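Participant: Chains as they are written, first to last, in this note's numbering: chain A, 913 to 997; chain B, 66 to 336.
Glycine residues also receive a C-beta, built at the ideal position from the N, C-alpha and C atoms.
These numbers come from a predicted model, not from an experiment.
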Amino acid sequence: MPVDLQHFEDAVVQRLGPLLGETMARAALAGHCRSLGLESDILAGDEIETVLRRLGQGMVLFVGAERAERLTGQLREDLHAGGAS
Amino acid sequence: MSRRWWSATTLFGMLCGTGLVLGAAALGLVGLDPDRGVALAFGAFTKLSFLTAAAVHALVCARRIASLAWKLMAAGFGGYALGQACLTVYQVVLHIPLPFPSWADLFFVSGSLVLVVALWVFLVELERTGCPLDLRRRLPTDLLWILGLGGVLSAWIVLPVFEQGIDVGTWLSLVYPVTDLLLLVPAVLLYQVTAVFRGGFVRRVWTSLLIGMGLFLVGDLLFSRLTEQADPWLVWAVDMSFVSGYALVARACAMQSDLVRGRAVDLGPAA
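1. Can you name the residues of chain A whose CB is closer than 9 Å to the CB of B/Phe266?
2. Determine, for B/Arg328, whether the minimum Cβ-Cβ distance to residues of chain A falls below 8 Å.
3. What residues match up with A/Arg915 in a beta bridge as DSSP calls it?
4. Using a Cβ-Cβ cutoff of 9 Å, what residues of the segment 953-978 of chain A are near chain B? List them in chain order.
5. Report yes or no: is there a C-beta of chain E within less than 8 Å of the C-beta of A/Met936?
6. Could you tell me the alpha carbon to alpha carbon distance between B/Leu124 and B/Gly148, rounded to whole angstroms?
7. For B/Leu163, I'd like the list of residues in its chain whose CB is within less than 8 Å of its CB, leaving aside the five on either flank, ordered along the chain.
8. Closer than 7 Å, Cβ to any Cβ of chain A: which residues of the segment 304-329 of chain B, in chain order?
9. Label A/Ser947 either buried or exposed according to how many other C-beta atoms from any shown protein chain fall within 10 Å of its C-beta, with 16 as the threshold for buried.
10. Taking Cβ-Cβ distances below 9 Å as the criterion, which residues of the segment 196-210 of chain B are in contact with chain A?
11. Express the C-alpha separation of B/Ile130 and A/Arg979 in angstroms, rounding to a whole number.
12. Compute the Euclidean distance between the alpha carbons of A/Leu967 and A/His944, then round it to the nearest angstrom.
13. Taking B/Glu190 as the query, report the chain A residues whose CB atoms sit under 8 Å from its CB, ordered along the chain.
14. Quick one, are the C-beta atoms of A/Leu917 and A/Leu955 less than 8 Å apart?
15. Roughly how many angstroms lie between the CA atoms of B/Arg269 and A/Val975, to the nearest whole one?
16. So, is the C-beta of A/Gly949 closer than 8 Å to a C-beta in chain B?
17. Listing by chain order, which chain A residues have their CB less than 8 Å from the CB of B/Val121?
18. With distance defined between alpha-carbon atoms, name the residue in B/Val181, B/Asp199, B/Leu246 and B/Leu324 nearest to A/Ala939.
19. So is B/Ser132 in contact with chain A if we call contact Cβ pairs under 8 Å?
20. How far does the alpha helix (DSSP H) with B/Thr194 in it reach, from first residue to last?
21. Checking contacts by CB at 8 Å: is B/Val186 closer than that to chain A?
22. Check whether the segment 169-187 of chain B touches the segment 136-143 of chain B, counting contact only when three or more Cβ pairs, one atom from each stretch, lie closer than 8 Å.
23. Pull up the distance between the alpha-carbon of B/Ala118 and that of B/Leu313, whole angstroms please.
24. Leaving out five residues on either side along the sequence, give the residues of the same chain with a beta carbon under 8 Å from the beta carbon of A/Val925.
25. Closer than 9 Å by beta-carbon distance: list the chain B residues that pair up with A/Ala939, in chain order.
26. DSSP state of B/Ala131, grouped into three classes?
27. Going by C-alpha to C-alpha distance, which of B/His160, B/Arg202, B/Ala120 and B/Ala109 sits closest to B/Val258?
28. Note down, in chain order, each residue of its chain lying with its Cβ closer than 7 Å to the Cβ of A/His992, except the 5 sequence neighbours on either side.
29. Flag A/His944 as yes if its beta-carbon sits less than 8 Å from any beta-carbon of chain B, otherwise no.
30. Answer with buried or exposed for B/Pro205, where buried requires no fewer than 16 other C-beta atoms within 10 angstroms of its C-beta.
31. Is the CB-CB distance between B/Pro242 and B/Leu286 below 8 Å?
32. Return the first residue and the last residue of the alpha helix (DSSP H) that A/Leu941 is part of.
33. Would you mind working out which of B/Leu105, B/Leu282 and B/Ser114 sits nearest B/Leu367, comparing C-alpha positions?
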């Protein structure tokens with residue numbers, strides 16, 4: 913399901929902000945999108961999965977693999993709940 | 066009362082209490098010189114409990130995160146704890162003057178060197194997370210001002226020590242400030258890097274850890290002056306630097322341990 917980038921950013925800030933701070937949560941998402949060459953305002957399902965996987969890999973250093981996986985799972989649910997709003 | 070409040074803060078209070086209880090127990094069991102023994106025992110056991118807590122919590126983090134940096138951190142703080150255990154045995158149990166150098170010095174110096182490597186490894190691991198950190202741009206500037214600071218401190222500490230003659234003790238008394246300076250380079254870099262985590266729990270962990278390590282440097286610098294003048298205020302300042310430094314690193318490791326065990330930040334329900 914395609915997702916609006918702004919919605920994605922809001923979800924990331926809400927989930928990861930308490931951990932990384934709002935600035936880094938936004939910067940991490942922007943950095944991953946940039947490195948993957950994602951420039952569109954709407955992200956396709958496979959692009960979202962790739963970004964989520966990268967975000968999860970980055971979270972492992974801070975919260976461990978198990979909680980990082982849970983975090984990305986929660987993010988995925990947030991996105992599916994909102995869709996391309 | 067939220068879980069976020071009690072986890073790190075209560076543990077921190079318990080650590081302080083543990084030092085006091087162990088100190089009091091030592092007084093009762095060993096029977097110390099009342100003029101000097103009370104402060105010595107409280108100080109020794111408080112430092113030992115903080116360092117042990119730091120090592121144990123770092124080990125918890127290493128097991129949960131599978132990070133080489135946290136493994137090294139656990140080993141480094143473990144070395145410090147063993148060094149402090151040696152000091153405690155000499156001072157509080159055996160009541161003998163501290164040999165210099167001693168096993169304690171071996172553990173403290175090797176612990177410091179392991180912590181230096183741990184911080185560098187953490188910087189590398191941080192960069193691999195994909196977070197935009199701008200490390201390569203910061204490194205030359207930081208190295209320059211640390212080297213400048215090192216030069217000033219050398220003039221203050223190294224030259225007077227060499228004027229007293231050169232022996233093993235002389236070299237060893239210099240090893241501490243030098244390893245602290247080596248620790249300061251990655252610590253300052255990490256402090257700057259973690260500034261971008263402002264508002265996040267990660268930033269609080271690293272601020273506590275790095276200020277604690279900064280206090281190690283203050284304590285060692287003051288200690289190196291202690292050999293020349295035995296001002297009671299200087300002795301107090303040395304002890305306070307170490308106790309507060311160890312307390313802060315223990316607090317940081319406890320907070321990170323809470324984080325990986327899901328007891329620090331509410332990241333929402335399980336998916």
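Facilitator: So, to answer that:
1. Pro930, Leu931, Leu932, Gly933 and Phe974
2. no
3. This sequence places Val at residue 915 of chain A; Arg is not what is there. Paired residue(s): A/Leu955.
4. Arg966, Leu967, Gln969, Gly970, Met971, Val972, Leu973, Phe974, Val975, Gly976, Ala977 and Glu978
5. You won't find chain E in this structure, because its protein chains are A and B.
6. 18 Å
7. Leu152, Tyr155, Gln156 and Ala169
8. Leu324, Val325 and Gly327
9. exposed
10. Cys196 and Pro197
11. 10 Å
12. 8 Å
13. Leu973
14. yes
15. 14 Å
16. no
17. Near B/Val121 there are no residues of chain A at all, since even the closest Cβ is about 17 Å away, more than 8 Å.
18. B/Asp199
19. yes
20. First-last for B/Thr194: undefined, no H or E at that position.
21. no
22. yes
23. 11 Å
24. Glu934, Ala937 and Arg938
25. Cys196, Pro197 and Val261
26. coil
27. B/Arg202
28. Met913
29. yes
30. exposed
31. yes
32. Glu934 to Ser947
33. Residue numbering for chain B in the displayed model covers 66 to 336; residue 367 of chain B lies beyond these limits and cannot be assessed.
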